[in-house]
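Here the sequence shown stands for residues 10 to 225, where the numbers follow my numbering. Cβ coordinates follow ideal geometry from the N, Cα and C atoms, glycine included. Since this is a predicted model, take the numbers as computed values, not measurements. One structure is given here, and the rest of the page talks about it.
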Amino acid sequence: AQGGTLLLDEIGDMPVPLQVKLLRVIQERQVRPVGSAVSVAIDVRIISATHRPLEEDIADGIFRSDLFYRLNVVSLTLPSLSERRDDIPLLASHFLQTLGTTYGKTIGGFAPDALALLVGAAWPGNVRQLYNVVEHVVALSTTPLISTSLVQSALRETQEMDSLETAKAHFEREYLAQVLRISGGNVSHAARLAKRNRTEFYKLLQRHQLDPTLFK
C-alpha cells in the first residue's frame, strides 16, 4: 500500500495486542518486516471500517482509546439499508441483472408486488443482505419475472438467521454462564477455566450483564 491507501476492515475486531502494534505504526510511520532488524518508513493513507460501537468497546476495555482517536480523524457513518429505502429498487434491479448473467438466466425484473415487498422489508442487515435475497430468487426462479411468493420465501429464510455478531454474542454469554455455573460463581476460578485474567473476565461479565453471585 506504499504511496496509496490501506483499508482496515472490521477494525473493532482487532485483538488488543495487535492494536498496540498498529498504533505504533501510525505514530512512527514505520514498519519492521518479518525477519528484519531494520524498520522501513511508510507513506500510506489509512481508512478503517467497523460495525461495532467503538466508544462502548473503549469503555469495556477491549479497544484502545488512543488508537481510536488516531484513526477517527474524519468520520463517516453509512446509513443502513432500512434508512435508504429509495435505493432498494435500483440496487435490486442491478443485482438481478448481474446475478442473472452469473446464473445464465434471462430475467426481466420483479413483479410490482414483489418489488414493493423488498422495499417494505425490515432489513436488519445491509446491502449484502439484499444481495443474498436477490441471489436466492435468481437461483430458484423458473420464470422471466420474479414472483412475490419467491421474494417472500427468500426474505423469510435470510431474515430468520441471526447475524454472525449476534450469534457470537449469544454463544459468548452462554459460555460465560456455563463457566460460572461450574465454578459456583467464583470469578477467579471461572477466569482460570476460561483462560482469561480476572479483570478481563469481569469486563466480559459486565458486558453480558451477568452477576456471578447468582451462580453461587
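- Where LEU189 and ARG137 are concerned, what is the direct C-alpha to C-alpha distance, given to the nearest angstrom? Stepping through the sequence shown from its first residue, residue 189 is reached at position 180. Stepping through the sequence shown from its first residue, residue 137 is reached at position 128. Each residue's alpha carbon lies about 37 Å from the other.
- Query: At a cut of 8 Å, does the stretch 149 to 166 reach the stretch 176 to 183 through at least three beta carbon pairs?
  - Reply: Short answer: they don't touch.
- Item | Proximity to ILE20 [Cα-Cα], best of LEU76, SER197, ARG33 and ARG38 | The residue given as residue 20 occupies position 11 in the sequence shown. For ILE20, the nearest C-alpha among the options comes from LEU76.
- Would you identify the three-state DSSP class for GLY118, choosing helix, strand or coil? As a first step, residue 118 is located in the sequence shown; it is residue number 109 there, counting from the start. Strand, per DSSP.
- Task: Using beta-carbon positions only, say whether ILE71 and PHE119 come within less than 8 Å of one another.
- Result: In the sequence shown, counting from the first residue as 1, residue 71 sits at position 62. In the sequence shown, counting from the first residue as 1, residue 119 sits at position 110. Taking 8 Å as the Cβ cut-off, ILE71 and PHE119 do not qualify as a contacting pair.
- Roughly how many angstroms lie between the CA atoms of PRO62 and GLY134, to the nearest whole one? Along the sequence shown, one-based indexing puts residue 62 at 53. Along the sequence shown, one-based indexing puts residue 134 at 125. Each residue's alpha carbon lies about 16 Å from the other.
- Would you tell me roughly how many angstroms separate the C-alpha atoms of THR152 and ASN141, rounded to the nearest one? Translated into positions along the sequence shown, residue 152 becomes position 143. Translated into positions along the sequence shown, residue 141 becomes position 132. Each residue's alpha carbon lies about 19 Å from the other.
- Item | Coil, strand or helix - LEU108 by DSSP | Here residue 108 refers to the residue found at position 99 when the sequence shown is read from its first residue. The answer is helix: DSSP assigns LEU108 an H, G or I state.
- Would you report the Cα separation of THR110 and SER91, rounded to the nearest angstrom? What you label residue 110 is simply residue 101 of the sequence shown in a count that begins at 1. What you label residue 91 is simply residue 82 of the sequence shown in a count that begins at 1. If you take the alpha carbons of THR110 and SER91, they lie about 27 Å apart.
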